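A quick write-up on the structure given underneath.
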Amino acid sequence: MATATTHSTGHSNGEVNYINEFKGLKSWLTSLDHKRIGLMYMISVLFFFLVGGIFAILLRLELFKPGAQFLTPDQYNQVMTYHGAIMVFMVIIPGIPAILGNFFLPIQIGAKDVAFPRLNLASWYIFMLGAFIAVATLFVGKVDTGWTFYTPYSIKTASAATMMVVAAFIMGMSSILTGLNFIVTVHKLRAPGMTMYRIPLFIWAIYSTAVLQILATPVLGITLMLLAMERTFGVGIFDPKLGGDPVLFQHFFWFYSHPAVYIMILPAMGVVSELIAAFSRKTIFGYTAIAYSSIGIAVVSFFVWGHHMFVSGQSEIAGIVFSFITMLVGVPTAIKMFNWLATLYKGNISFESPMLFALGFLFLFAIGGVTGIMLATIATDVHFHDTYFVVAHFHYVMVGGTLMALMGGFYYWFPKMFGKMYNETLARITFVLIFIGFNVTFFPQFILGAMGMPRRYFDYIPAYEYLNSISTVGSWLIASGFLLSLYVIVTGIRCGEKAPSNPWGAKTLEWQTSSPPPHMNFEVEPIVTAGPYEYK
Amino acid sequence: MSINSSDTNHSHSHDSHLAHHFKNAEHQFESAKQGIWLFMVTEILMFGGLFVGYSIFHAIYPKMFAEGASHLDWRLGFVNTLVLIFSSYTMAMSIHHLQKNEKSKAVLKLWLTVACGVIFMCIKAYEYSSKFHHGLFPGRYLDVAHVGAEAANLGMYYGFYFCMTGLHGIHVLIGMGLIVWLALRAQKGEFGENYFTPVEGVGIFWHIVDLIWIFLFPLLYLVG
Ligand code: HEM
Ligand SMILES: [Cu+2]
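As given, the protein sequences belong to chains A and B, one line each in that order. Be aware that the first sequence starts at 30, since it is given in my numbering, and climbs by one per residue. Be aware that the second sequence starts at 46, since it is given in my numbering, and climbs by one per residue.
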């Protein structure tokens with residue numbers, strides 16, 4: 030994007046940066062610097078990922094063989110609920126926007142900070158409060174509704190569902206505030222010359238996500254509040270015994286939660302756009318098409334929620350309409366896919382670990398997407414509904430998609446965030462472990478689902494044993510891959526080599542400042558004169 | 046990229062309210078305003094969920110909703126509507142005075158707005174307590190025998206009633222708290238024609254809360 034090097038100007042010869050400028054725990058917990066807040070999110074989210082991951086391993090261990098292994102059915106339901114809820118509300122939804130978005134959105138548009146730094150810090154505290162309440166339910170009365178809180182069961186269950194719902198509401202508030210902050214930042218704080226068509230594609234993705242966060246999350250909030258009302262006062266809105274409609278809950282819930290799956294995946298697509306451009310050293314193909322398709326996905330995602338309810342008794346016409354609109358989401362998604370492939374074509378590709386994760390994303394997300402089309406087709410969905418086919422599908426999308434991108438983004442921006450290099454060989458091994466482990470774990474689940482194995486059951490008939498055992502072994506591979514990447518990250522931070530300002534030779538603005546960046550991101554205000562991917 | 050020599054270090058400019066990442070006061074004001082408007086969108090959407098639920102069940106149980114509304118006193122609701130509209134006016138006037146540096150008038154208008162909030166909440170409290178007195182509780186706590194309810198699920202209407210007015214009432218309370226804080230700061234002379242962003246922001250919030258009431262009032266008290 031630019032030619033100047035700024036790390037040699039002013040007082041900083043790379044010595045004073047956002048990490049070492051202020052010292053002590055308190056300077057972190059009260060910091061208004063978006064970069065520090067991003068790192069605080071990173072630590073929290075990694076922690077919750079570990080907890081959610083332990084629950085996942087427990088689930089798979091229980092399903093290793095038919096019959097009860099070491100959990101009771103009740104405990105299985107609880108473990109499944111916590112795994113799902115933690116992974117969704119505390120890992121995947123905040124993941125990319127709150128960590129990488131917070132850190133890089135202002136830098137990539139040449140701003141000194143987000144529009145509302147105080148609000149940004151408050152968002153982190155609100156998130157932690159919600160997460161704390163959610164975890165505290167473990168000690169109050171364990172929740173067993175599944176992360177979807179479907180009525181009527183969630184009205185009846187004697188667990189701490191009300192508390193969990195309040196926790197989700199609070200985390201939703203944090204998500205709204207983050208989104209709001211990002212939108213205003215993009216509108217108001219772009220550096221001189223940084224027009225909307227010069228912002229990196231990662232920003233377009235985070236921006237579209239922020240719009241979704243603002244429009245969808247309040248609906249989830251009020252739905253959860255109504256559920257809490259229902260549980261405390263027996264209002265009867267969702268309770269068929271009192272004349273209410275449990276399916277209404279599903280409508281409300283998915284009106285948020287379908288857009289929410291794009292809150293999870295759109296940022297990932299943004300990261301992948303950056304990675305593909307940087308590691309094929311080529312101008313990204315179809316910049317505007319990728320940018321607009323993010324907005325397109327955001328818009329369409331509001332009209333497809335009914336595909337979760339094909340068998341709920343909604344009218345046939347509704348089913349057909351929802352099925353059709355769902356297929357439409359494929360269009361902007363395919364636009365992105367083809368543009369990435371076109372960028373790769375004849376690119377000068379280098380297979381550094383971030384790129385491996387980006388390619389892994391393309392592969393796994395394609396499988397997730399194609400199986401999504403199968404689920405969007407009413408006739409096939411009636412067969413696959415609530416089977417392991419669905420479990421495999423959403424893991425391919427959420428883990429294969431979002432998590433791959435998050436890992437790739439982590440490695441890509443690691444030198445900028447910490448000013449150190451990580452061990453590239455080990456990083457590549459983490460990719461191999463996660464990628465292979467992932468497919469070993471979740472591919473058999475497609476077959477299991479097609480064979481009819483239902484989800485959310487703690488036991489199964491012997492006919493399903495073989496594939497389930499394979500799946501469980503795969504989960505150990507994934508786990509070792511993530512543990513190894515934790516090692517790579519920690520050793521990288523502690524004793525990695527010093528990173529140059531621009532180790533990958535990338536063109537976006539964040540690479541024009543020193544690694545790690547100074548407190549205000551740039552020594553001098555950048556003036557932008559070209560688009561973000563001006564490679565030859 | 047060419048380099049602009051503007052200093053980005055901590056040097057705080059003449060205006061002590063200007064955060065370092067904004068170009069000037071106007072830039073900061075515009076950003077704050079955009080932020081508060083986006084937040085208002087989320088508020089409206091949140092109430093929107095309640096309105097949708099209300100409309101759906103109103104269509105399914107028109108008689109039950111009519112019975113529920115018949116227990117409400119529309120005159121109290123109407124007075125409250127007037128009170129809130131007036132408070133929106135005083136709120137707007139306080140900004141107007143600040144822009145003309147008329148401090149004491151602005152402070153007075155802010156306290157008047159708070160007073161309106163107090164009146165509103167008193168009337169609400171009276172309404173709530175008389176509802177409770179007659180056994181009109183939400184959901185399963187509704188005292189069917191005492192009320193002599195015809196519809197078996199009259200509690201649902203009161204579930205909506207208390208949920209919608211309660212959520213709105215919480216917003217009024219938050220708004221009042223914020224306006225008290227503004228009034229105290231205005232008293233100290235912290236606002237004037239150059240800086241009144243917080244007043245503007247809280248003002249927008251207050252207007253939206255009023256607006257939501259203007260929808261709640263006919264829906265709950267009149268449509269029946
Ligand atoms: C080692 C990796 C993982 C394994 C072995 C694993 C395993 C499982 C299993 C066995 C279930 C229960 C399925 C059912 O009975 O319906 C499940 C559910 C779920 N998982 Fe994972 N999972 C993993 C990672 C993740 C990640 C990273 C996410 C984050 C998005 C995630 C999100 C979910 C969700 C949302 C559910 C649904 C819970 C529910 O139905 O209430 N999983 N997972
Ligand atoms: Cu969906």
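Just so it is clear, CB atoms sit at the ideal spot from N, CA and C, and this is done for glycine as well. Keep in mind that this is a model prediction, so the values were computed, not measured.
Determine the chain B residues that contact residue i at a beta-carbon separation under 7 Å, and present them in chain order.
i                  : result
Val-264 of chain A : Pro-183, Gly-184, Gly-200, Met-201, Gly-204
Ile-205 of chain A : Thr-87
Phe-351 of chain A : Per Cβ cutoff of 7 Å: no residues; Phe-351 of chain A is ~18 Å from chain B at best.
Just mark residue i as buried or exposed, buried being the case when its beta carbon has 16 or more other beta carbons within 10 Å.
i                  : result
Met-225 of chain A : exposed
Val-169 of chain A : exposed
Thr-416 of chain A : buried
Cys-524 of chain A : exposed
Lys-55 of chain A  : exposed
Cys-167 of chain B : exposed
Asp-103 of chain A : exposed
Gly-534 of chain A : exposed
Thr-59 of chain A  : exposed
Val-340 of chain A : exposed
Tyr-374 of chain A : exposed
Thr-246 of chain A : buried
Ser-56 of chain B  : Confidence at Ser-56 of chain B is low in this model, with a pLDDT of 38, below 50, so its placement is unreliable and the value that follows should be read with caution. Classification of Ser-56 of chain B: exposed, given that the 10 Å Cβ count is below 16.
Val-578 of chain A : Any question about residue 578 of chain A goes unanswered here, given that chain A covers just 30 to 565.
Give me, in chain order, the residues of the same chain whose beta-carbon lies closer than 6 Å to that of residue i; leave out the 5 immediate sequence neighbours on both sides.
i                  : result
Asp-188 of chain B : Gly-180
Thr-158 of chain B : Ser-132, Thr-135, Met-136, Ile-224
His-62 of chain B  : Tyr-240
Gly-376 of chain A : Ser-309, Lys-311
Ala-33 of chain A  : The predicted model places Ala-33 of chain A with a pLDDT of 40, which falls under 50 and marks its position as unreliable; any figure quoted below should be read in that light. Nothing meets the Cβ criterion.
Gly-130 of chain A : Ile-235
Gly-162 of chain B : Val-217, Met-221
Arg-219 of chain A : Ile-138
Ala-456 of chain A : Ser-382, Tyr-440, Val-517
Phe-145 of chain A : Asn-210
Val-117 of chain A : Trp-176
Gly-503 of chain A : Gly-466, Val-469, Thr-470
Under 7 Å Cβ-Cβ, which residues of chain A neighbour residue i?
i                  : result
Val-86 of chain B  : Ile-243
His-66 of chain B  : Ala-140, Lys-141, Asp-142, Leu-218
Met-91 of chain B  : Pro-247, Gly-250, Ile-251
His-216 of chain B : Under the 7 Å cutoff, chain A gives no residues; its nearest Cβ is about 13 Å from His-216 of chain B.
His-62 of chain B  : Ordered by position in chain A, no residue passes the 7 Å Cβ test against His-62 of chain B, which lies about 13 Å from the chain.
Going by beta-carbon coordinates alone, are residue i and residue j separated by less than 7 Å?
i                  : j                  : result
Glu-554 of chain A : Phe-133 of chain A : no
Met-433 of chain A : Ile-121 of chain A : no
Ile-115 of chain A : Met-71 of chain A  : no
Thr-186 of chain A : Ala-297 of chain A : no
Gly-184 of chain B : Gly-200 of chain B : yes
Leu-75 of chain A  : Ser-152 of chain A : no
Pro-444 of chain A : Ala-318 of chain A : no
Tyr-47 of chain A  : Pro-545 of chain A : yes
Pro-361 of chain A : Ser-322 of chain A : yes
Ile-243 of chain A : Asn-149 of chain A : no
Asn-205 of chain B : Tyr-99 of chain B  : The residue you asked about is not Asn; residue 205 of chain B is Phe in the sequence shown. Result yes, Cβ atoms of Phe-205 of chain B and Tyr-99 of chain B sit closer than 7 Å.
Ile-8 of chain B   : Phe-92 of chain B  : Outside the shown range of chain B (46 to 269) lies residue 8 of chain B, about which nothing can therefore be said.
Met-202 of chain A : Ile-155 of chain A : yes
Output, in chain order, the set of chain A residues within a Cβ distance shorter than 9 Å of residue i.
i                  : result
Ser-76 of chain B  : Ala-144, Phe-145, Val-213, Thr-214, His-216, Lys-217, Leu-218
Ile-253 of chain B : Those within 9 Å of Ile-253 of chain B in chain A number zero; the least Cβ separation is about 13 Å.
His-178 of chain B : Those within 9 Å of His-178 of chain B in chain A number zero; the least Cβ separation is about 18 Å.
Using C-beta distances below 7 Å, list every residue in its chain close to residue i, excluding the 5 sequence neighbours before and after it, in chain order.
i                  : result
Thr-372 of chain A : Ile-305, Ala-306, Ser-309, Lys-311, Ile-313, Phe-314
Gly-113 of chain A : Gly-175, Trp-176
Pro-269 of chain A : Pro-181, Pro-275
Could you list which residues in chain B have their beta carbon closer than 9 Å to that of residue i, in chain order?
i                  : result
Met-258 of chain A : Pro-183, Gly-184, Gly-204, Phe-207, Cys-208
Leu-255 of chain A : Gly-94, Leu-95, Gly-98, Gly-204, Cys-208
Gly-273 of chain A : Phe-102, Asn-198, Met-201
Leu-304 of chain A : The contacting residues do not exist; Leu-304 of chain A stays about 22 Å from chain B at best.
Leu-513 of chain A : Residues of chain B passing the Cβ test: none, with the nearest at roughly 38 Å.
Since residue i meets chain A, which of its residues come closer than 8 Å, beta carbon to beta carbon?
i                  : result
Gly-80 of chain B  : Ala-144, Phe-145, Leu-148, Leu-209, Asn-210, Val-213
Tyr-106 of chain B : Gly-272
Counting only the same chain and skipping the five closest in sequence on each side, list residues whose C-beta sits under 8 Å from that of residue i.
i                  : result
Thr-35 of chain A  : Low local confidence applies: a pLDDT of 41 at Thr-35 of chain A is under 50, so the model's placement there is unreliable, with the coordinate-based value given in what follows. So the qualifying residues of the chain are Gln-541, Thr-542, Ser-543, Phe-551, Glu-552, Val-553, Pro-555.
Ile-476 of chain A : Leu-496
Met-356 of chain A : Ile-402, Ala-405
What residues from chain B crowd round residue i, counting only those whose CB sits closer than 8 Å?
i                  : result
Leu-277 of chain A : Gly-98, Ile-101
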